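**Q**
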Amino acid sequence: MHATLSLLRDTGFPAPQRGKLEALQVNLGYQCNQTCLHCHVNAGPSRPEMMGAEALELVPRVLEARRIGTLDLTGGTPESHPGFRDLVGRATALGAHVIDRCNLTILFEPGQCDLGKFLAGHKVEIVASLPCYTSANVDKQRGEGVFDKSIAALRQLNALGYGQEGSGLVLNLVYNPSGPSLPPDQVALQADYRRELSGNFGVVFNRLYVMANMPIQRFGSTLISRGQFNDYLRLLKENFSAANLGNVMCRNLVSADWQGYLYDCDFNQQLGLALPGKGRPHLRDLLYSGLEGNIVHVADHCYGCTAGQGSSCGGALLHG
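Going letter by letter, the sequence shown gives residues 1 to 320 in this note's numbering.
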């Protein structure tokens, strides 16, 4: 796989300053039951990395020590980690809001038949990947049969109350472009998703998040192989919007990798761009000090979060 960091270092991107820490995003490991082209963590079935007990134990302690309101769990497939359910239980007992970044098909893996009920019981917010509302596009990007399984999972979650008005169970979907282009307008595409998923499959959801693909890891390597990397980076830079800088997720979120080391965001994590400062900041450091006022470590991939309507773990930064 082609490395991309050396192509992203010569940056003029304006580094944001951190505000109050509101969310802890934890990558529980890179093992996944899918292998997607756009995956910025290069996850897949053969990846062995998984958070150990010592680092896992620090997560609820950090939530309590820093009074962080949101725990955002990602991977790979975070649900496949043997400590996932215990961690969710401990976090919700502390009053934290838990987000599970789910690929939907994990609900049909061995040992996960009651996953939906567990998530609903703890009022976990589900952010589910569904890169299109047609089977051809989803299966092309994520593998044959993934669309049908995803629809079946969404129906299962709807039956539990997810996405239903007044249930308090939040189900948000995620769209990624299939290639080197900016995502379409989030509001318009959300309307398309609602119409197609409801009309054709009886599926409902709360919100659609559109996210730009980052020119790193598997997607970045593919761009290099196809001779499209520089053109895509130019597209991101030409569509830079300074209005997005105040809303970028790295101002109020910190990302922990499967070993517990800290980064300004999940993308920096995959590039190995640790928090600025001496050494390698770790979850244990957050037990004693916060990050407010620190400068974010930036490189040219940061234009992916600020191009056009913007892009973050919560979708577009500017809404039409």
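Positions of the beta carbon are idealized from the N, C-alpha and C atoms, including for glycine. Being a predicted model, the structure only gives us computed values, none of them experimental.
Indicate the three-state DSSP secondary structure (helix, strand or coil) for residue 109 in the structure shown.
**A** On the sequence shown, position 109 is the one that residue 109 refers to. Reduced to three states, the DSSP call for residue 109 is coil.
**Q** Considering only C-alpha positions, which residue in the set 190, 261 and 205 is nearest to residue 286?
**A** Locating residue 286 in the sequence shown gives position 286, counting from the first residue. For the residues 190, 261 and 205, the minimum Cα distance to residue 286 belongs to 261.
**Q** With H, G and I counted as helix, E and B as strand and the rest as coil, what does DSSP make of residue 301?
**A** Residue mapping note: residue 301 aligns to position 301 of the sequence shown, counting from 1. Three-state DSSP puts residue 301 in a helix.
**Q** Taking residue 277 as the reference, which of 217, 211 and 296 has the closest Cα?
**A** Residue mapping note: residue 277 aligns to position 277 of the sequence shown, counting from 1. Comparing Cα positions, the closest option is 296.
**Q** By Cβ distance, which residues of its chain are closer than 7 Å to residue 171, with the 5 residues on each side in sequence left out?
**A** The residue given as residue 171 occupies position 171 in the sequence shown. The answer, listed in chain order, is 126, 128, 157, 162, 163, 205 and 206.
**Q** Using the rule of at least 16 other Cβ atoms within 10 Å of the residue's Cβ for burial, across every protein chain shown, is residue 66 buried or exposed?
**A** Position 66 of the sequence shown, counted from the start, is the residue given in the question as residue 66. Buried, by the Cβ-count rule.
**Q** Tell me which residue opens and which closes the beta strand (DSSP E) that residue 259 is part of.
**A** Your numbering for residue 259 matches position 259 in the sequence shown. Per DSSP, residue 259 belongs to no beta strand (DSSP E) and is neither H nor E.
**Q** For residue 291, which residues from the same chain have a beta carbon less than 8 Å from its beta carbon, with the 5 sequence-adjacent residues on both sides left out?
**A** Locating residue 291 in the sequence shown gives position 291, where the first residue counts as 1. 18, 21, 254 and 275.
**Q** Ordered along the chain, which non-local residues of its own chain (more than five positions away) have a Cβ less than 8 Å from that of residue 11?
**A** Counted from its first residue, the sequence shown places residue 11 at position 11. For residue 11, where only same-chain residues beyond five positions count, the Cβ hits under 8 Å are 298, 299, 300 and 302.
**Q** Please specify which runs of the beta strand (DSSP E), each continuous and at least 3 residues long, are wholly inside the stretch 176-248, giving them in chain order.
**A** Counting only runs of 3 or more, we get 207-210.
**Q** Going by the beta-carbon positions, is the gap between residue 72 and residue 106 smaller than 7 Å?
**A** Stepping through the sequence shown from its first residue, residue 72 is reached at position 72. Stepping through the sequence shown from its first residue, residue 106 is reached at position 106. Cβ atoms of residue 72 and residue 106: not closer than 7 Å.
**Q** What residue does the beta strand (DSSP E) around residue 125 start on, and which one ends it?
**A** Position 125 of the sequence shown holds residue 125. Note, residue 125: beta strand (DSSP E), 125-129.
**Q** Within 10 Å of its beta-carbon, does residue 8 have 16 or more other beta-carbons around it, so buried, or fewer, so exposed?
**A** Sequence index remark: in the sequence shown, residue 8 carries index 8 (1-based). So residue 8 ends up on the buried side.
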